[in-house]
Structure formats: C-alpha cells, structure tokens
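Residue numbers (the working numbering): 155 to 429.
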C-alpha cells in the first residue's frame, strides 16, 4: 500500500492501480511525494512508481533482458540513492530491493555502484546528520549506558573470580559500539566511531584504576609489603607501592587487550562500504 502527500495532507493508502487512476483524474500529481511501507523516506511519486515497475521487470524471467533494458536502471538507482542518503547501509538497501523482487545478483552491484559513485556526498550527509543534536545526544547516551553496564559487569565478574580479567576489555568495547549504534537508530560512521571508541577508552582507564586499587593487596602481599584484604588497603600505601614498583602499573595483558578494546568499537561503529 502506498500513501501520498499532497498540499500538506496525507492521502491513501492506495494500490498501484488506484494510483494510476488518481493520476489520470488529476487528483494527485507525479511530483507529489509518496511513501510505501519499508521506505526510509518519502519519494517523488513518479520515481517510486518507476522503481516498482523496474523491480517487477527485473524479477520477471519471461520479460528477459529486453524489458530490463527498456525500463532501465535509473529508477532503481534513484531508489537506492534515496535510501543511502537517508543513512541506510548498502546491505540494507540491497535487502529492500530483493524484497521488491529485484534479483540479488542485480541488486548488489547496482547498490554498490550507486554507493561508490556518491561516496563523497554520502559521507558529508552522514556526518551532518550524525552531528544533529537529535541524533548526537542519543548516540552519546547509548555509549554512556553501555559504558556503565559493561563496567559493572566487568567489575563484578573480576571480583567474583579473583582477578582483573583484562580479556573483558574488548567485550566492553563492543558494548560501547553497539550502544551508540542502537540509540542512534543504526547509524554508523566517523562520529559514531569516535563516540564508541572514546567511551571504550574511558571504560578501560576507569577499570584499570579500579583494579590497581582493588587488587593492590595481592601485589603488595606477593612482594611482602603488606597484609591487607582485597579492596581494604590504605590509599597512601597503595600509591607508595606503585611509585616504588612502576612495572606493576602495566602488564603484558594490558599491551594486548587495551589496543583491542579500542579497535573493536572503531571497527563495529564504522560505516559499511560493501553491499
């Protein structure tokens, strides 16, 4: 079913045949905007109808290549570009075209071509959209909630198992990416990457300080410098211990898992370049 916007009013829903009747009667115009369930945004009616017609021709084996060439790829390319400009990932647009009946072996290269040809414009639009406060604030909030949730899980798990469990760092990094992506409506890109990686950095640093204090008694007891229970050692003695034993500030596990904690969210929050 398709809806039409005309003079500030929403009309419909219409079947495709009904739309053609409305067009013939002059009740609506080809330049009016239309929307169909699953569309990322409203499209010009004539472009939407052309895309549906092209999809039907591409999906009809009996039509052969002649029908596809006659219809042309322009409507489908316009349809794909419309979705990409709305922030959809290439694979999402491919899936939508397949739903419309376009064969996968045609939809995938078509979307990839549109994406590659308009990469610079799409990057600019995506950056502008992600810096909009309506998108930016939820993205930041999603990262903060992921940081808090992940840090609590990491801390409780480490305390219960009696070790700092640095391997949890990349897991928290993944949460710091998934939170902003989810709260921003599935948006990826440079802004989401910076936010996700920034929250992951803060989470790792905060948990690192927590572990240095909480498990300091273990390090001190091993060195024969104290007999304190975990999490109950005087802060001044902890500081003095690390000043005299700076090698305890970092371990081989930090050198492994700290970079991974930053790489994971950067990768997950990055835009998809392949359809």
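Ideal placement from N, C-alpha and C gives every residue a C-beta, glycine not left out.
{"Query": "Assigned secondary structure, residue 410 (DSSP; H/G/I helix, E/B strand, else coil)", "Result": "helix"}
{"Query": "Candidates 251, 195, 206, 411: closest to residue 173 by CA position", "Result": "206"}
{"Query": "Cα-Cα separation between residue 331 and residue 278, rounded to whole angstroms", "Result": "21 Å"}
{"Query": "Distance cut-off 8 Å: residue 265 Cβ against heavy atoms of the ligand FMN", "Result": "With respect to the ligand FMN, the structure shown offers nothing to examine, as it has no ligands at all."}
{"Query": "Cα-Cα separation between residue 264 and residue 201, rounded to whole angstroms", "Result": "17 Å"}
{"Query": "Which of helix, strand or coil DSSP assigns to residue 225", "Result": "The predicted position of residue 225 is uncertain, since its pLDDT is 48 and thus under 50; a value taken from the coordinates is nonetheless stated next. Residue state, collapsed to three classes: helix."}
{"Query": "Residue 189 - containing beta strand (DSSP E), residue span", "Result": "187-190"}
{"Query": "Opening and closing residue of the beta strand (DSSP E) in which residue 359 lies", "Result": "From DSSP, residue 359 is part of no beta strand (DSSP E) but of the alpha helix (DSSP H) over 344-368."}
{"Query": "Local conformation of residue 288 per DSSP, three classes", "Result": "helix"}
{"Query": "Residue range of the beta strand (DSSP E) that includes residue 269", "Result": "Premise fails: residue 269 lies in the alpha helix (DSSP H), 258-271, not in any beta strand (DSSP E)."}
{"Query": "Cβ neighbour criterion (16 or more within 10 Å) applied to residue 311", "Result": "exposed"}
{"Query": "Residue range of the unbroken beta strand (DSSP E) whose run includes residue 167", "Result": "163-168"}
{"Query": "Closest Cα partner of residue 333 within the set 419, 170, 300", "Result": "300"}
{"Query": "Residues bridged to residue 159 (per DSSP)", "Result": "164, 187"}
{"Query": "Integer-rounded CB distance, given that residue 343 should sit under 8 Å from residue 281", "Result": "7 Å"}
{"Query": "At least three beta-carbon pairs within less than 8 Å, the stretch 306-321 to the stretch 266-276", "Result": "no"}
{"Query": "Bridge partners - residue 197, DSSP secondary structure assignment", "Result": "188"}
{"Query": "Distance between residue 204 and residue 164 (C-alpha atoms, nearest Å)", "Result": "21 Å"}
{"Query": "Assigned secondary structure, residue 218 (DSSP; H/G/I helix, E/B strand, else coil)", "Result": "Because the pLDDT at residue 218 is just 46, under 50, the model does not fix this residue reliably, and the value given afterwards should be weighed accordingly. Correct three-state label for residue 218: helix."}
{"Query": "Nearest residue (CA-CA) to residue 368, options 316, 191, 417", "Result": "316"}
{"Query": "C-alpha distance - residue 288 paired with residue 297, whole-angstrom precision", "Result": "15 Å"}
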